[in-house]
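Residue numbers (our numbering), protein chains in the order written: chain A, 2 to 336; chain B, 2 to 336.
Dropping the structure here:
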C-alpha cells in the first residue's frame, strides 16, 4: 500500500464524529466523492477491551457507507449486542458499548495496526472494504489524546464524555502528543492540491473535535497558507449546541454561547462562516472581524437538509476571495 | 486473590478439550465438585484477533457450566456469530471461529492477563462467574506451545488442527517452553492433597492434550511420586479414535492403533487402565506390563454414559494398590 493517493481533491473537510458527519454526508453527495477528503479527529481514540477504538473515524466511515445508526449517530444500524451481553455476564467492564459489528471493525483495525501499517493505511483499507469512495484520513498517524481539565480532575476524553456523560465542569484542554505529532501524509497532500476549492470546518465541537486537528502544527500551517477559502459552519444555533456538550462547555469556559464566539475562536484560520438563519442578527459582528458570513438552515435532520447545507457551503466558498483573508492571529480559546 | 485454595481434593483429572471434557462432566456429577481438580492442557493456547485463546480451558468451563455446544463439543450452545460475520465482510481472517459469547470470554481473559494476574487466577475468576464449583486450573501459568513436525513443515497447533484440519502427516511434537515452565501452584497443591484418591488421565489425545501436561517436570514428578493410583481411560476404541486425529497420528507415527499402545505410552506413570468393552481381548497384554486393567463402555454419548464411566473410574481406582505400582521408566513416544 502506498500513501500517495494520486487524487485531485476539490474539497477538504475537518470533522469529528456525530456533529460533523452529517455535513460530510451532504458534501459526499454534492461533490464527486473521489474529490472529497475528510480529515478526522483522532484525539478521542483510545484503547479499550484490547482494541484500538477510533470513534470519529468509525462514525465517518459508517455514515458514508450508509451503515450509521440514525438514532444514536454512532455505531451501525441493525447492530447486535451479543458480545457485550456475554461480557456483562462475566462481570466485565461495559461502560463503553461496542456492538458486535462495531467490535469487528475495531478488532480488524487493531490487527492491521499491530501488523505495522499506519492508521492512515488501515483506514484506507477499511474504507475500501466498505466501498467508500471519499478519502477519510486520520489527522495523524501519531498518538494524540484529548485530555480535559475538569472539576473531577484531569480526565481522558472517553472518561469525561462517555463514562461521566460530560457532566464534569470543563476548564481547559490538552491535546497530548500534539506538539510532536506529524500530520497524516494524505491530509497534507489533500491540502496541497492545486484544484482545492475550499476547506470546511464542519459543525463538530470546536474544542473536542476540530481543535485537536488544528493542534497539529503542519495541518494548521497548511490551512493558514492556503489560497482556497476556509469556511466554518457554526455548531451553535440559537444559543444552543445542536448536538453534544459544546454549549455547556462554552458556558463553563465563560464564553458567550453564540456564533460570534465560534467566529472569534476560528478567526485566525477562517475566511467565511455559515451561521443559522435564526442567528442572522450576528452577521454584522462576525463581518466586523473580517470574516464573510452567510446564513442558512444549519440544523440537518434529513438527507435533503444535509445536501442543501453542503450546496450552500460550496457556493458560499466560491464567493470568497481568499486572497483577501480576514482575521488576525488570535490564539484559540483553551481555557 | 490468593493462589492457595485451601481445598481438599479427592480427584485430579488431566484433560484436553472435547475428548476429555465428557469424562470430566461425569466425574463432576459423581464426586463433590469442590473435591475435583481438573488440570487443563494449555499447549493449544494461542493469540488470535488480539486475544489470548485457551481452547481447552474454555471447553472445560463451558462443559461444566452446562453451556457447551453439544454439536461441536467446543464453543457455547445458542452462540451467535455477528462479530465473525462482520469481520468476514471486512475481509479479515476468519479461519478460527470465535462466536460472540466465546469472544467475550477471551476478551475478558486477555484483559485480566494484561492487568498482571496469572492464567490460573484468571481461570478461577471466570469459573466463579460461571458458577463452576470444581477447580479448573491451567497446567501452567507459563507459556507452552505445542508444535508439530509434519509433512507441511513445523506447525503451530492451531495451524495444524484448525486451519489445516489435521491433514498434514505428523512425525513428532515439541512442547515449546515446557523445559522451563513451572506447574500452576494449584495443580501441585491438588496433587499433594493427602486425601487424593486417584488421578485420571481422561481420554483426550495423548500426544496433543495429555503429553503437554506431563511435559512439565514438576507435574510429572508429582504424579510419579503419588501414593494414590493413576489411571488412564483409553482414547482408542476398536482401532479408532472416538474423537479427533488420535488414530491418524498413531498410524503416522508407526504405532499400533490399540489400547496396548496407549498403555505403553503411559506405562511409566499409570497404575491402571480402562479400556472399552469391545477391546477386552487386549487385557492380558496390558496386564503383562504390570498395569491393572478393566473394561467398560468408554464411548460417552449421553450424560448417563459419562456418569457411568466416571463411577467405573473411581471404583476401579479404589481397587488398585498403588504401592505396587507397575511399569518401568519408558520414555513417551514423541515420533
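No residue lacks a Cβ here, since even glycine has one placed at the ideal position from N, Cα and C.
On the criterion of 16 or more Cβ atoms from any shown chain inside 10 Å, does residue i qualify as buried, or is it exposed?
i	result
residue 12 of chain B	buried
residue 96 of chain A	exposed
residue 78 of chain A	exposed
residue 136 of chain A	buried
residue 2 of chain A	No answer about residue 2 of chain A holds up, because its pLDDT of 39 lies below 50 and its placement is not dependable.
residue 125 of chain B	buried
residue 46 of chain A	buried
residue 162 of chain B	buried
residue 94 of chain A	exposed
residue 241 of chain B	exposed
residue 182 of chain A	buried
residue 36 of chain A	buried
residue 17 of chain B	buried
residue 117 of chain B	exposed
residue 228 of chain A	exposed
Quick check on residue i - is its C-beta less than 8 Å from some C-beta in chain A?
i	result
residue 84 of chain B	yes
residue 127 of chain B	yes
residue 68 of chain B	no
residue 312 of chain B	no
residue 88 of chain B	yes
residue 328 of chain B	Note on residue 328 of chain B: pLDDT 44, under 50, position unreliable in the model; the coordinate value appears next. Taking Cβ atoms only, chain A never reaches closer than 8 Å to residue 328 of chain B, which makes this a no.
Give every residue of the same chain whose Cβ lies closer than 6 Å to the Cβ of residue i, excluding the five residues on either side of it in the sequence, and list them in chain order.
i	result
residue 244 of chain A	19 and 20
residue 22 of chain A	60, 61 and 64
residue 343 of chain B	It is not possible to answer for residue 343 of chain B, since the shown part of chain B is limited to 2 through 336.
residue 133 of chain B	65 and 66
residue 204 of chain B	20, 234 and 236
residue 218 of chain B	none
With a threshold of 8 Å between beta carbons, is residue i in contact with chain B?
i	result
residue 50 of chain A	yes
residue 142 of chain A	no
residue 219 of chain A	no
Run down chain B in chain order and give the residues with a C-beta less than 8 Å from the C-beta of residue i.
i	result
residue 157 of chain A	Ordered by position in chain B, no residue passes the 8 Å Cβ test against residue 157 of chain A, which lies about 17 Å from the chain.
Kindly list the residues whose CB is nearer than 8 Å to the CB of residue i, restricted to its own chain and excluding five residues on each side of it in sequence; keep chain order.
i	result
residue 288 of chain A	294
residue 80 of chain B	70, 100, 101, 102 and 103
residue 239 of chain A	277, 279 and 280
With distance defined between alpha-carbon atoms, name the residue in the options nearest to residue i.
i	options	result
residue 89 of chain A	B:79, B:85, B:108 and B:227	B:108
residue 154 of chain B	B:171, B:284, B:198 and B:138	B:171
residue 1 of chain A	A:314, A:303, A:318 and A:313	This structure does not reach residue 1 of chain A, given that chain A is present from 2 up to 336, and the question cannot be answered.
residue 212 of chain B	B:299, B:186, B:180 and B:197	B:180
residue 321 of chain B	B:35, B:291 and B:29	B:291
residue 174 of chain B	B:186, B:163, B:157 and B:74	B:157
residue 208 of chain A	A:250, A:218, A:194 and A:301	A:250
residue 316 of chain A	A:32, A:106 and A:8	A:32
residue 198 of chain A	A:151, A:314 and A:68	A:314
residue 144 of chain B	B:48, B:299 and B:252	B:48
residue 131 of chain B	A:116, A:91 and A:150	A:91
residue 8 of chain A	A:195, A:234 and A:280	A:195
residue 1 of chain A	A:152, A:121, A:296 and A:82	This structure cannot speak to residue 1 of chain A, because chain A is shown only from 2 to 336.
residue 54 of chain B	B:114, B:34 and B:27	B:114
residue 164 of chain B	B:98, B:106, B:118 and B:86	B:98
residue 222 of chain A	A:299, A:188, A:167 and A:312	A:188
residue 202 of chain A	A:254, A:268, A:168 and A:255	A:268
Under 7 Å between beta-carbons, which chain B residues line up against residue i? List them in chain order, please.
i	result
residue 134 of chain A	The premise fails here: residue 134 of chain A is roughly 17 Å from chain B at the closest Cβ pair, so nothing lies under 7 Å.
Please list, in chain order, the chain A residues whose beta carbon lies closer than 8 Å to that of residue i.
i	result
residue 65 of chain B	Chain A residues near residue 65 of chain B: none, gap ~15 Å exceeds 8 Å.
Which residues of chain B have a Cβ atom closer than 9 Å to the Cβ of residue i, listed in chain order?
i	result
residue 198 of chain A	Those do not exist, as residue 198 of chain A stays about 33 Å from chain B at its closest Cβ, beyond 9 Å.
residue 37 of chain A	Within 9 Å Cβ-Cβ: nothing; residue 37 of chain A doesn't reach chain B, min ~22 Å.
residue 112 of chain A	50, 51, 93 and 94
Spatial neighbours of residue i within its chain, please: C-beta separation below 7 Å, excluding the five flanking residues on both sides.
i	result
residue 1 of chain A	Limits of chain A in this structure are 2 at one end and 336 at the other, which puts residue 1 of chain A out of reach.
residue 214 of chain A	15, 40, 42, 140 and 220
residue 68 of chain A	77 and 78
residue 44 of chain B	145, 146, 147, 158, 176 and 213
residue 224 of chain A	192, 200, 231 and 270
Whose Cβ in chain A lies nearer than 9 Å to the Cβ of residue i?
i	result
residue 122 of chain B	Per Cβ cutoff of 9 Å: no residues; residue 122 of chain B is ~14 Å from chain A at best.
Below 7 Å on C-beta distance, what does residue i contact in chain A?
i	result
residue 108 of chain B	50, 51 and 88
residue 91 of chain B	105, 106, 109, 127 and 130
residue 101 of chain B	83, 84, 87 and 101
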